[in-house]
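If you read the sequence shown in the numbering used here, its first letter stands for residue 147, the second for the next number, and so on. Each remark here refers to the structure printed beneath this line.
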Amino acid sequence: MTDAGLISERLRKKSLEKKAAEQHKREEMLREYNRRLRENEKSPFFLSEVQKKEVREYWESHTNFRKSQNTESDTQLNVEGWVEYYSGLYGMYDRRFLPDPVYYLDIDSYYNHRAAAKYIDNKCFYSRLFPQIRQPEIIAEKVNGFWLDKDFRGIQMEEILRKCREAGKIIVKPAVDFGGGAGIFIWDAKKDATGRLEKYLLRTVIDTVIMVFLEQHREMKKLHPSSVNTVRTISFYYKNEIRILSSVVRMGTGDSEVDNISAGGISAGIKEDGRLKNVGFNKSGKRFLTHPDGAVFGECRVPCYEQICSHIREAHKFFPYFRLISWDFAVDCEGNPVLIEANLRNGELDFHQINNGPLFRELTDEVLWEVYRKSCKFGSELPNLPLLTQQVRQERGKDAEKY
147 MTDAGLISER LRKKSLEKKA AEQHKREEML REYNRRLREN EKSPFFLSEV QKKEVREYWE
207 SHTNFRKSQN TESDTQLNVE GWVEYYSGLY GMYDRRFLPD PVYYLDIDSY YNHRAAAKYI
267 DNKCFYSRLF PQIRQPEIIA EKVNGFWLDK DFRGIQMEEI LRKCREAGKI IVKPAVDFGG
327 GAGIFIWDAK KDATGRLEKY LLRTVIDTVI MVFLEQHREM KKLHPSSVNT VRTISFYYKN
387 EIRILSSVVR MGTGDSEVDN ISAGGISAGI KEDGRLKNVG FNKSGKRFLT HPDGAVFGEC
447 RVPCYEQICS HIREAHKFFP YFRLISWDFA VDCEGNPVLI EANLRNGELD FHQINNGPLF
507 RELTDEVLWE VYRKSCKFGS ELPNLPLLTQ QVRQERGKDA EKY
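What follows is the structure, encoded as structure tokens:
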């Protein structure tokens with residue numbers, strides 16, 4: 147074999163090994179998603195045989211998903227199970243509910259430049275990325291091992307501790323996404339010794355932000371006074387415009403000072419006028435008609451919801467490489483929106499669909515067509531693409547000529 151042939155063969159083997167590794171990783175993630183589905187809170191709702199057939203046909207035609215004979219395999223996409231789960235909790239059957247693996251493994255990875263997000267999605271740079279939006283007051287930031295003040299000038303630990311004492315109550319967060327509120331440290335000068343804060347800060351090794359703890363609006367405080375309760379909104383960069391897909395309020399429970407659902411919090415859907423829907427859900431899907439601490443969801447509202455959506459539409463247009471962004475906003479005591487976080491990848495799906503229905507609603511067919519038209523995630527090839535394209539064009543009518 148020639149040198150060129152040897153090089154070609156090595157590249158071929160390397161490519162096959164990479165594909166095998168990716169497939170193994172995908173199967174492991176599917177196994178994990180199936181485990182979560184089994185452990186989630188179940189409703190008394192079950193799909194009829196007619197609905198199961200409709201679900202299978204819909205997802206087969208839009209994603210080329212084919213269920214193998216081994217129906218018990220933990221590495222298969224259980225579309226009927228996910229649609230049944232979300233339909234039961236939401237209270238209405240809809241074949242367009244996205245299975246979690248479809249969203250995280252395919253849709254999010256297609257629409258968002260995950261490699262770039264790893265570096266851009268850093269809270270230390272929010273003041274530069276979103277200068278037009280109000281943000282929590284920064285005391286100091288740790289960037290690449292250096293402690294800096296809000297103007298990116300060097301600052302000593304003694305000065306940081308002094309400013310923290312003056313602020314009274316502060317929150318320390320990883321600047322890069324840990325997920326689920328992991329790594330958050332709250333320090334209160336009235337309760338905690340300065341030495342405890344200093345010890346924590348000296349141990350930090352990743353990029354970190356120190357912020358003054360936000361005093362939230364009385365309407366948001368009604369939901370749960372101990373935590374800063376936030377609005378989580380997911381926006382979609384669609385045909386040169388920004389669509390607001392779904393919004394929920396996340397709130398803490400008990401003595402928790404964080405609102406993360408994974409930390410025991412509750413979410414409730416937000417209507418277009420900013421009022422909350424009548425029910426809320428925890429991470430496993432358990433339904434709450436009122437907050438465990440007494441708040442009635444339907445009697446609460448987000449004071450500046452329209453302004454939050456306006457900020458999102460204006461800011462998202464500068465990030466076309468991230469077409470799905472999950473935003474966290476708080477509301478300060480004066481009723482102003484305050485940006486807490488912008489997740490440029492892997493924004494949570496479950497509480498949006500549980501509270502507000504299928505994420506993409508009338509756009510679902512178009513989204514699936516775009517994501518799966520070039521490659522097939524659940525099969526080895528895409529033989530039905532011409533037929534699928536014709537079918538979608540017929541459903542869309544004249545507007546389909548744009549595609």
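For every residue, glycine included, the Cβ atom is placed at its ideal position computed from N, Cα and C.
Which value, in whole angstroms, describes the spacing of the CA atoms of residue i and residue j?
i, j, result
"Val404", "Arg396", "9 Å"
"Ile486", "Val425", "25 Å"
"Arg349", "Asp478", "31 Å"
"Gly314", "Arg447", "29 Å"
"Lys159", "Lys417", "53 Å"
"Val517", "Ile253", "6 Å"
"Ala339", "Leu294", "23 Å"
"Arg459", "Arg389", "8 Å"
"Thr399", "Ala166", "44 Å"
"Gln499", "Leu391", "10 Å"
"Val351", "Glu445", "44 Å"
"Lys368", "Asp439", "10 Å"
"Gly411", "Glu365", "18 Å"
"Ser413", "Val394", "6 Å"
"Asp401", "Asn375", "13 Å"
"His437", "Arg172", "37 Å"
"Phe292", "Ser381", "34 Å"
"Leu514", "Thr209", "7 Å"
"Phe298", "Phe427", "41 Å"
"Phe475", "Arg378", "7 Å"
"Ser207", "Ile306", "58 Å"
Near residue i, what residues of its chain come up, given a Cβ to Cβ distance below 6 Å and the 5 sequence neighbours on each side ignored?
i, result
"Tyr249", "Leu495"
"Asn489", "Ser472"
"Val225", "Val201, Trp205, Pro245"
"Gln453", "Pro483"
"Ser526", "Residue placement at Ser526 cannot be trusted, given a pLDDT of 36 that sits under 50; what the coordinates show is reported in the next sentence. Result list for Ser526: empty, nothing under 6 Å."
"Asp334", "Lys315"
"Arg242", "Pro504, Thr510"
"Lys269", "Ala321, Val355"
"Ile332", "Ile317, Glu403"
"Ala441", "Lys368, Leu369"
DSSP on residue i, reduced to helix/strand/coil?
i, result
"Asp401", "coil"
"Arg364", "helix"
"Lys288", "strand"
"Thr221", "coil"
"Ile266", "helix"
"Ala441", "coil"
"Thr436", "strand"
"Ile316", "strand"
"Leu93", "Past the boundaries of the shown model lies residue 93; the chain is included only from 147 to 549, so the question cannot be answered."
"Gly227", "helix"
"Arg487", "First, the amino acid is wrong: residue 487 is Glu here, not Arg. Strand."
"Leu505", "coil"
"Arg260", "helix"
"Phe271", "helix"
"Tyr232", "helix"
"Arg542", "Because the pLDDT of Arg542 is 40, which lies under 50, any placement of that residue in the model is unreliable, and the question is left without a value."
"Arg342", "helix"
Looking at the secondary structure, which residues open and close the alpha helix (DSSP H) in which residue i lies?
i, result
"Gly415", "No alpha helix (DSSP H) holds Gly415; the beta strand (DSSP E) holding it covers 412-416."
"Asn180", "149-185"
"Ala313", "303-313"
"Asp334", "Premise fails: Asp334 lies in the beta strand (DSSP E), 331-334, not in any alpha helix (DSSP H)."
"Thr350", "Where Thr350 is concerned, there is no enclosing alpha helix (DSSP H), given that its DSSP letter is neither H nor E."
"Val517", "510-518"
"Cys479", "Note, Cys479: premise wrong, no alpha helix (DSSP H); not H, not E."
"Arg242", "Careful: Arg242 lies outside any alpha helix (DSSP H) and carries neither H nor E."
"Tyr249", "Counting along the chain, Tyr249 falls outside any alpha helix (DSSP H), and DSSP gives it neither H nor E."
"Arg202", "195-209"
"Ile454", "451-462"
So, at 8 Å on beta carbons, what are the nonlocal neighbours of residue i in its own chain, with the 5 sequence-adjacent residues on each side left out?
i, result
"Gly481", "His363, Pro449, Cys450"
"Leu162", "none"
"Phe276", "Ala461, Leu485, Ala488"
"Leu193", "Val201, Glu226, Val229, Glu230, Ser233, Tyr239"
"Tyr467", "Asn258, His259, Ala262"
"Asn290", "Asp353"
In chain order, what residues of the same chain lie with their CB nearer than 7 Å to the CB of residue i, ignoring the 5 residues before and after it?
i, result
"Tyr231", "Leu183, Asn186"
"Gln281", "Tyr272, Ser273, Val484, Leu485"
In the DSSP output, what is residue i paired with across the bridge?
i, result
"Tyr396", "Reading off the sequence, residue 396 comes out as Arg, not Tyr. Answer is Thr376, Ser413."
"Gly493", "Partner(s): none; Gly493 has no beta bridge."
"Arg389", "Phe382"
"Ile356", "Ala286, Val318"
"Gly300", "Leu294"
"Arg447", "Arg421"
Name the two residues that bound the continuous beta strand (DSSP E) containing residue i.
i, result
"Leu422", "422-427"
Less than 9 Å between CB atoms is the rule here; does residue i satisfy it with respect to chain C?
i, result
"Lys269", "Of the chains in the structure shown, none is chain C; there is only one protein chain."
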